[in-house]
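Colleague: The structure that follows is given in the form of structure tokens.
2 protein chains.
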Amino acid sequence: MAGFTVVPTDAECGPEDGLARLFALGRQAVERAGADVTAVGIGCGGPLDSAAGVLIAPLHLPGWTNIPIVDMASTEFGLRAVLDNDATAAAAGEHRFGAGRGTSNMVYLTVSTGVGGGVILDGRVFRGRTGNGGELGHVTVDWRGRPCKGCGRRGCLEAYASGTSIAERAREAGLDVETASDVAAAARSGDVVATRVWDETCEALASGVTSLANVFEPERVVIGGGVSREGEQLLGPVRQRVLAEVIGPVARSLEIVSAELGDTVGVVGAAAVAYERITRPNATDSVM
Amino acid sequence: MAGFTVVPTDAECGPEDGLARLFALGRQAVERAGADVTAVGIGCGGPLDSAAGVLIAPLHLPGWTNIPIVDMASTEFGLRAVLDNDATAAAAGEHRFGAGRGTSNMVYLTVSTGVGGGVILDGRVFRGRTGNGGELGHVTVDWRGRPCKGCGRRGCLEAYASGTSIAERAREAGLDVETASDVAAAARSGDVVATRVWDETCEALASGVTSLANVFEPERVVIGGGVSREGEQLLGPVRQRVLAEVIGPVARSLEIVSAELGDTVGVVGAAAVAYERITRPNATDSVM
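Chain order of the listed sequences is W and D.
So for the first sequence, numbering that gives the first Met the number 0 puts the first residue at 0; every next one is plus one.
So for the second sequence, numbering that gives the first Met the number 0 puts the first residue at 0; every next one is plus one.
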């Protein structure tokens, strides 16, 4: 990659302003890359309509309603453009360029502010019927459990394993922490309460991963997102528990590994879905 | 269908004896059907290897280990034969001939002694990487909950929604019942304990269905198996809760309906997978 630049979204200034800044960034990237650019890939949080190329009402971009971003980007760059859910794109990125290389069936989970993910089945990106499937953070781990801020029901994986929830549960238990990373650090230094919160997090995550593995029978589960930076402190207990608990035939050759693309997964993933949908045009129109 | 005959498996008499009886039944069916028969479809509980056509060690057929049933049936009938997990086959049957007709993306759940299921994605039967995916009864509903007899971990959907669990929880709560159907009847006649057990069952089932709907974004969830004979007493509360709780875009056009094939789903399903795999040969070798 020639370079990697970040600008703040400043979503509250509205889509016109935000898109102008994003497109300026895109023009820089196209200039740097030269003649090799054949498509524009865009990843964004949902809800969105990936087939129509429209942002419907992304939760983290208040006011960005019904934005035909694919048409706008096509016009701006004179190139074909595609839009996908950012977690779907990240899954495609890790599959093509990261920790999922070489697999046909892979589950990607991002454990971050929320919990999201994507699934590769038989080498193809799974999107659900209209592109809104694959909401892996919203599988149940405890149906009478904590309210889930993301979807409003109770006991989703996200309600326990997200960075937000980790820090929140630690504060509820009396710890003076700001982030999930603070909780991880306190657990490493032997704090009993932090250890309990962290262990509970690993158990919930393992339970969600086990559900997904029993359903999809993947070769590999790739775990990324900010919370996964704690490395084996998170992955070790999760791997041990999942491999002990998934049904026999699924366990046989299941790997649970860290994502490889780090902060670049959004951009690399957007490129991966653009590649997939433009070189395999059937995949563009199809539901998966 | 020309007819429908049932013989006991008598699994304890061993595979030689059992297969002889099944094959005799098959010969009767072929005779009745005449020249139209082009393939033999076999559905069985797992673990099995559907690609190789071998029963590995089906849980409910103790001693039936490594039986090359597809080769044996091919020889016996002089026809091509295919083997699939019985819940996968049932999903294919409901999709082609039953309550899933006309859908491209469908989840089938059988709520019976255990809880199993199958998934149709983009019109094709999903089998997971080696045919052991789609274990829909083993998604979590409460990770610290009841032990699951089917898989050994805690809090699977099966550990709450199966007929076995319904009757067991009712007995634990002091009711004098034998079956899930007894519990349903007691709840209908106003028994408070039975009502509580039944409500909990519906909540657990709704939670599992919500997980699966969030993951797969199906058009329709088809619920079959013995417990589903209670009809709207089961489906009504499940439907209401799922539609209130799945993420917005998934809820838009999700239907939750009763299976249509009843006791014939095993046989019709086996025919459906034979049809699919023999008329769409790529599907035979592929993982989904």
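All C-beta atoms in this analysis are idealised placements derived from N, C-alpha and C, irrespective of residue type, glycine included.
Are the CB atoms of residue 221 of chain D and residue 105 of chain D nearer to each other than 8 angstroms?
Modeller: Contact: yes.
Colleague: What residues are listed by DSSP as bridge partners for residue 165 of chain D?
Modeller: Bridge partners of residue 165 of chain D: none, in fact.
Colleague: Once DSSP output is grouped into helix, strand and coil, what is the label at residue 230 of chain W?
Modeller: In the structure shown, residue 230 of chain W sits in coil (DSSP, three-state: anything other than H, G, I, E or B).
Colleague: Can you have a look at residue 122 of chain D and say buried or exposed, based on whether 16 or more other CB atoms are within 10 angstroms of its CB?
Modeller: Exposed, by the Cβ-count rule.
Colleague: Look up residue 155 of chain D in the DSSP assignment and say whether it is helix, strand or coil.
Modeller: Strand at residue 155 of chain D.
Colleague: Return the bridge partner residues of residue 40 of chain D from the DSSP annotation.
Modeller: Residue 40 of chain D pairs with D:81.
Colleague: My output table needs one value for residue 214 of chain D: the three-state DSSP class, helix, strand or coil.
Modeller: Correct three-state label for residue 214 of chain D: helix.
Colleague: Could you say which of W:176, W:237 and W:83 lies nearest to residue 207 of chain W if we only look at CA atoms?
Modeller: It is W:237.
Colleague: Is residue 37 of chain D buried or exposed, if buried means 16 or more other CB atoms sit within 10 Å of its CB?
Modeller: With fewer than 16 Cβ atoms within 10 Å of its Cβ, residue 37 of chain D is classed as exposed.
Colleague: Would residue 43 of chain D pass as an interface residue toward chain W - the criterion being a Cβ-Cβ separation below 8 angstroms?
Modeller: It does not; no Cβ of chain W falls within 8 angstroms.
Colleague: If you measure from the beta carbon of residue 192 of chain W to each beta carbon in chain D, is any gap under 8 angstroms?
Modeller: With 8 angstroms as the cut-off, residue 192 of chain W does not count as an interface residue toward chain D.
Colleague: Out of D:127, D:231, D:147 and D:157, state which residue places its alpha-carbon closest to the alpha-carbon of residue 115 of chain D.
Modeller: Among D:127, D:231, D:147 and D:157, the Cα nearest to that of residue 115 of chain D belongs to D:157.
Colleague: Could you name the residues of chain W that residue 206 of chain D contacts, counting a contact when the two beta carbons are closer than 7 angstroms?
Modeller: Result: 139 and 142.
Colleague: Could you name the residues of chain D that residue 150 of chain W contacts, counting a contact when the two beta carbons are closer than 7 angstroms?
Modeller: Residues of chain D passing the Cβ test: 246.
Colleague: When the Cα of residue 223 of chain D is compared with those of D:212, D:185, D:111 and D:189, which residue comes out closest?
Modeller: Comparing Cα positions, the closest option is D:111.
Colleague: Among D:17, D:170, D:47 and D:269, which has the Cα closest to the Cα of residue 248 of chain W?
Modeller: Checked all of D:17, D:170, D:47 and D:269; the closest Cα to residue 248 of chain W is D:47.
Colleague: With three or more C-beta pairs closer than 8 angstroms as the rule, is the stretch 211 to 220 of chain D touching the stretch 141 to 153 of chain D?
Modeller: Contact between the stretch 141 to 153 of chain D and the stretch 211 to 220 of chain D is absent, because fewer than three Cβ pairs lie under 8 angstroms.
Colleague: Determine, using beta carbons only, whether residue 136 of chain D and residue 125 of chain D come nearer to each other than 8 angstroms.
Modeller: Their beta carbons are not under 8 angstroms apart, which means residue 136 of chain D does not touch residue 125 of chain D by this criterion.
Colleague: Which chain D residues sit within Cβ distance under 9 angstroms of residue 233 of chain W?
Modeller: Chain D residues near residue 233 of chain W: none, gap ~16 angstroms exceeds 9 angstroms.
Colleague: Over what stretch of residues does the alpha helix (DSSP H) that includes residue 278 of chain D continue unbroken?
Modeller: That run of the alpha helix (DSSP H) goes 264 to 278.
Colleague: Between residue 179 of chain W and residue 166 of chain W, is the Cβ-Cβ spacing less than 8 angstroms?
Modeller: Yes. Within cutoff.
Colleague: Within the same chain, show all residues whose beta-carbon is closer than 6 angstroms to that of residue 284 of chain D, passing over the 5 residues directly before and after it, in chain order.
Modeller: For residue 284 of chain D, the predicted model reports a pLDDT of 39, less than 50, meaning its position is unreliable and no value from the coordinates is stated.
Colleague: State buried or exposed for residue 191 of chain D, treating a residue as buried only when at least 16 other CB atoms are found within 10 Å of its CB.
Modeller: Counting Cβ neighbours within 10 Å, residue 191 of chain D comes out exposed, since fewer than 16 surround it.
Colleague: Answer with yes or no whether the minimum CB distance from residue 284 of chain W to chain D is below 8 angstroms.
Modeller: Caution applies to residue 284 of chain W, whose pLDDT of 39 falls short of 50 and renders its modelled position unreliable; the model cannot decide the point.
Colleague: Helix, strand or coil for residue 189 of chain D? Go by DSSP, reduced to three states.
Modeller: Coil.
Colleague: If you measure beta-carbon to beta-carbon, which residues of the stretch 46 to 64 of chain W are closer than 7 angstroms to chain D?
Modeller: The stretch 46 to 64 of chain W vs chain D, Cβ under 7 angstroms: 46.
Colleague: Counting along the chain, where does the alpha helix (DSSP H) carrying residue 109 of chain D start and finish?
Modeller: Taken as a continuous stretch (DSSP letters only), residue 109 of chain D belongs to no alpha helix (DSSP H), being part of the beta strand (DSSP E) at 105 to 110.
Colleague: Where does residue 134 of chain D sit, in a helix, a strand or coil, going by DSSP?
Modeller: If DSSP states are grouped into helix, strand and coil, residue 134 of chain D belongs with coil.
Colleague: Comparing the C-beta of residue 217 of chain W with each C-beta of chain D, is any distance below 8 angstroms?
Modeller: With 8 angstroms as the cut-off, residue 217 of chain W counts as an interface residue toward chain D.
Colleague: Could you give the uninterrupted runs of the beta strand (DSSP E) lying entirely in the stretch 43 to 97 of chain W, keeping only those of 3 residues or more?
Modeller: Qualifying beta strand (DSSP E) stretches, in chain order: 79 to 84.
Colleague: Would residue 301 of chain D be called buried (16 or more neighbouring beta carbons within 10 Å of its own) or exposed?
Modeller: Given that chain D is displayed from residue 0 to residue 287, the structure contains no residue 301 of chain D and the question cannot be resolved.
Colleague: For residue 51 of chain W, which option in W:68, W:203 and W:64 has the closest C-alpha, if you only look at C-alpha atoms?
Modeller: For the residues W:68, W:203 and W:64, the minimum Cα distance to residue 51 of chain W belongs to W:68.
Colleague: Under 8 angstroms between C-beta atoms, does residue 84 of chain W make it to chain D?
Modeller: With 8 angstroms as the cut-off, residue 84 of chain W does not count as an interface residue toward chain D.
Colleague: Considering residue 25 of chain W, what are the terminal residues of the alpha helix (DSSP H) in which it resides?
Modeller: Per DSSP, residue 25 of chain W belongs to the alpha helix (DSSP H) from 14 to 32.
Colleague: Could you check which residue in W:173, W:10 and W:274 has the C-alpha nearest to that of residue 61 of chain W?
Modeller: Measuring from the Cα of residue 61 of chain W, the nearest candidate turns out to be W:10.
Colleague: Whole angstroms are fine: how far does the CA of residue 203 of chain W sit from the CA of residue 12 of chain W?
Modeller: For residue 12 of chain W and residue 203 of chain W, the distance between alpha carbons rounds to 37 angstroms.
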